Amino acid sequence: MNRAITRRHLIAAGITSQIKYRQPMQTKTWRSLKWGSLLISLGSIVVAIVLMQTGGPKQAEPAKTIEEPKTQVESPVIVERKDGKITWQLRADEASQQLDGKMRLSNPVLNLYTENGKEIKIKSRQAWFEAVQRNVRFEDHVMVFFDDWTMQNELLIYDSGKDEIQVPGTFRLWGKTIKAHGKNMHLHRATEEVNVEDGIWIEDTDVAWQGVSK
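Just so you know, we're using my numbering here: the sequence shown kicks off at 1263 and counts up by one.
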């Protein structure tokens, strides 16, 4: 019995020693797994942050706007000649190139010269000059000065091909003895011939013009 008891005690002691030996290994393994899971979690968070920064939706870039050309000329002067004589001269405070090829003029002045040597002066606050057709479109408080009368309107075109002034809208004209208004007027540069197509009204107190002798 003593031997058997001793053997059982030895067996129990052996089992106990095995249990005491295995407990540290399980604790170490559990701690390793716990730290490994923590490292994996931290790694996943870092990867997620990187993916959010690099793979996320990009902000839309602002739409590119078309910039107007920067070509500007101070105090431009354009002269047109025919048979060695100046037929007209265009000048302005400033000219700027537009996208459609036209030149925008600030405070333009156009001087037309008739065959008789008279001057027709046209001025406005702004105008557009077509370099190829050589046409000029005046807008915004257009004034025309010729002989002893003055005309005012809001739109006037000098057609270089037809060599005439065109007023498609209404106009008002006044001078020393004359008052007139109408619509759609044409004035030829060379011959000084005037033609009004719509709504002409004229009042002239010059009796000599009416064929009455003084």
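Glycine included, every Cβ here is placed at the ideal spot set by N, Cα and C. Predicted model, so just to flag it, every value in this text is computed and none were measured.
**Asked** Which residue's Cα is closest to the Cα of Pro1370: Trp1390, Lys1380 and Ile1382?
**Response** On the sequence shown, residue 1370 is found 108 positions in, with the first residue counted as 1. Cα-wise, what sits closest to Pro1370 is Trp1390.
**Asked** What's the C-alpha gap between Arg1396 and Ile1464?
**Response** Sequence index remark: in the sequence shown, residue 1396 carries index 134 (1-based). Sequence index remark: in the sequence shown, residue 1464 carries index 202 (1-based). Roughly 32 Å separates the two Cα atoms.
**Prompt:** If we count the other Cβ atoms within 10 Å of its Cβ and call it buried at 16 or more, is Ser1337 buried or exposed?
**Reply:** Counting from one through the sequence shown, the residue named residue 1337 turns up at place 75. It is exposed - the Cβ of Ser1337 has fewer than 16 other Cβ atoms within 10 Å.
**Asked** Between Asn1378 and the rest of its own chain, which residues show a CB-CB distance below 8 Å, the 5 nearest in sequence each way excluded?
**Response** As a working note, residue 1378 is residue 116 in the sequence shown. So the qualifying residues of the chain are Glu1454.
**Request:** Excluding the 5 residues preceding and the 5 following Asn1373 in the sequence, name in chain order all residues of the same chain whose CB lies nearer than 7 Å to its CB.
**Result:** As a first step, residue 1373 must be located in the sequence shown, where it is residue number 111. Excluding residues within five positions, the ones whose Cβ falls inside 7 Å are Trp1350, Gln1351, Glu1381 and Lys1383.
**Message:** Within a Cβ cutoff of 8 Å, which residues of the same chain sit near Phe1433, ignoring the five residues on either side of it in sequence?
**Reply:** The residue you call residue 1433 lines up with position 171 of the sequence shown. Here the set comprises Met1413, Gln1414, Asn1415, His1443, Gly1444, Lys1445 and Met1447.
**Request:** State the DSSP-derived secondary structure class of Ala1357, mapped to helix, strand or coil.
**Result:** Residue mapping note: residue 1357 aligns to position 95 of the sequence shown, counting from 1. Strand at Ala1357.
**Prompt:** For the putative contact between Leu1418 and Phe1407, defined by C-beta atoms under 8 Å, what is the C-beta separation to the nearest angstrom?
**Reply:** Taking the sequence shown and counting its residues from 1, one reaches residue 1418 at position 156. Taking the sequence shown and counting its residues from 1, one reaches residue 1407 at position 145. Going by Cβ atoms, the distance from Leu1418 to Phe1407 rounds to 12 Å, so no, they are not a contact pair.
**Request:** Go to Ser1368, then tell me how far its beta strand (DSSP E) extends in each direction, as first and last residue.
**Result:** Locating residue 1368 in the sequence shown gives position 106, where the first residue counts as 1. Element bounds for Ser1368: Met1365 to Ser1368.
**Prompt:** Which of the three DSSP states, helix, strand or coil, is assigned to Asp1345?
**Reply:** Numbered from its first residue, the sequence shown carries residue 1345 at position 83. Note: Asp1345 maps to coil in three-state DSSP.
**Own chain partners of Ile1462 with C-beta closer than 6 Å, once the 5 adjacent residues on each side are dropped** = As a first step, residue 1462 must be located in the sequence shown, where it is residue number 200. Cβ neighbours of Ile1462 beyond the five flanking positions: Gly1444.
**Asked** In chain order, what residues of the same chain lie with their CB nearer than 7 Å to the CB of Leu1449, ignoring the 5 residues before and after it?
**Response** Position 187 of the sequence shown, counting from 1, holds the residue named residue 1449. Correct list, in chain order: Glu1426, Ile1427 and Val1456.
**Asked** Is Glu1454 helix, strand or coil when you go by DSSP?
**Response** For the purposes of this step, residue 1454 is identified with residue 192 of the sequence shown, where counting begins at 1. If DSSP states are grouped into helix, strand and coil, Glu1454 belongs with coil.
**Message:** My assumption, with CB atoms under 8 Å, is that Asp1410 sits in contact with Lys1438. Please give the rounded CB distance.
**Reply:** Along the sequence shown, read from residue 1 onward, the residue named residue 1410 stands at position 148. Along the sequence shown, read from residue 1 onward, the residue named residue 1438 stands at position 176. With a Cβ gap of about 5 Å, Asp1410 and Lys1438 count as contacting.
**Prompt:** Looking only at DSSP bridge pairs, what is Ile1440 linked to?
**Reply:** Translated into positions along the sequence shown, residue 1440 becomes position 178. Paired residue(s): Asp1466.
**When Asp1355, Leu1367 and Ser1422 are compared against Glu1342, the one with the closest alpha-carbon** = As a working mapping, residue 1342 is identified with position 80 in the sequence shown. Comparing Cα-Cα distances from Glu1342 to each of Asp1355, Leu1367 and Ser1422, the minimum goes to Ser1422.
**Asked** At what residues does the beta strand (DSSP E) containing Gln1395 begin and finish?
**Response** Your numbering for residue 1395 matches position 133 in the sequence shown. Neither: Gln1395 is in no beta strand (DSSP E) and is coded neither H nor E.
**Request:** Determine the burial state of Trp1292: buried for a count of at least 16 other Cβ atoms within 10 Å of its Cβ, exposed for fewer.
**Result:** Counting from 1 along the sequence shown, the entry for residue 1292 is found at position 30. Bear in mind that the predicted position of Trp1292 carries a pLDDT of just 49, short of 50, making it unreliable; the figure below should be weighed with that in mind. Burial call: exposed.
**Own chain residues within Cβ distance below 6 Å of Arg1353, not counting five before or after** = For this step, residue 1353 is matched to residue 91 along the sequence shown. Around Arg1353: Val1339 and Val1371.
**Message:** For Arg1451 and Ala1357, what's the separation of their Cα atoms in angstroms?
**Reply:** Taking the sequence shown and counting its residues from 1, the one referred to as residue 1451 is at position 189. Taking the sequence shown and counting its residues from 1, the one referred to as residue 1357 is at position 95. Spanning the two alpha carbons is a distance of roughly 25 Å.
**Message:** Let me check understanding here. Comparing Cα to Cα, which of Asp1468, Asp1402, Gly1431 and Thr1467 lies closest to Val1458?
**Reply:** Looking up residue 1458 in the sequence shown gives position 196. It is Gly1431 whose Cα lies nearest to the Cα of Val1458.
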